[in-house]
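Enquirer:
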Amino acid sequence: MKALPVESSGRSAAVGSRLRAHRRRNHMTIDQLASAAGLTKGFVSRVERDMTSPSVDSLVRMCQVLRLDVGDLFRGPGAVEVVRLEEAPRIDLGGQGIEEQLLTPADQRTVQVLRARVAAGGRGEEAMYSMDCETEVLHLVSGRFRLMVPGRTFELAAGDTVTFPGAEPHTWENPGEDEAVLLWILGA
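In the numbering used here, the protein residues as written are 3 to 190.
Shown next as structure tokens:
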């Protein structure tokens, strides 16, 4: 599954807690890491608490001591990540009268969850389209929603869920008089 077009949040990546976890896994103290990396104990402590951002050189030196690929700090397979709704980046997959946010980490490729608010009368593209994923799941949280696939139309009410192959051409619209809120789940 390819990356979605995410707007920058302006926030820096918090790598300190991941560095601390790797240091502890290596049974090292802050003092041992600092000494081996040629840094001060206070600096390493501030980095681990995300109170300061290390230079590339400092980050590389700490990672070398920990036998850790620098990139792992930013993707961390299996890492637990929380995306707060108010901080979720906005994306634009097309359509009119729709605001979309990516609720899963931007680098997540196995599953992507999008939250969409569709204004009354909002609609997808005229031509049907498909997504670059294995499976799509649409769950309607509130409002009304209409999903169109070749030869069929599905009228959805709040609480309804529809699942279909990502390669299935489709388009959509909000036929109601109120905003519709929905979750799109895209699985690899």
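Idealized CB from N, CA, C, for every residue including glycine. Nothing here was measured: the structure is a model prediction, and the numbers come from that model.
From which residue to which residue does the alpha helix (DSSP H) around G18 run?
Expert: Its alpha helix (DSSP H) spans residues G18 to R27.
Enquirer: Could you spell out where the beta strand (DSSP E) holding A1 opens and where it closes?
Expert: Outside the displayed span of the chain (3 to 190) sits residue 1, for which this structure offers no information.
Enquirer: Can you give me the Cβ contacts of A2 inside the same chain, cut-off strictly under 7 Å, excluding the 5 residues immediately before and after it?
Expert: Any property of residue 2 remains undetermined from this structure, which presents the chain solely from 3 to 190.
Enquirer: Taking DSSP as the reference, what is the three-state secondary structure of Q110?
Expert: Correct three-state label for Q110: coil.
Enquirer: Would you kindly work out how many angstroms separate the C-alpha atoms of G218 and D52, rounded to a whole number?
Expert: Any property of residue 218 remains undetermined from this structure, which presents the chain solely from 3 to 190.
Enquirer: Find the nearest neighbour of A129 within the set V115, T173 and L142, judged by alpha-carbon distance.
Expert: Ranking the options by Cα distance to A129, first place goes to T173.
Enquirer: Which residue marks the beginning of the alpha helix (DSSP H) containing M64, and which one marks its end?
Expert: From DSSP, the alpha helix (DSSP H) with M64 extends over V58 to V67.
Enquirer: DSSP puts P167 in a beta bridge; with which residues?
Expert: The partner list for P167 (beta bridge, DSSP) reads T137.
Enquirer: I think L2 touches H141, with their Cβ atoms under 8 Å apart; what is that distance to the nearest whole Å?
Expert: Past the boundaries of the shown model lies residue 2; the chain is included only from 3 to 190, so the question cannot be answered.
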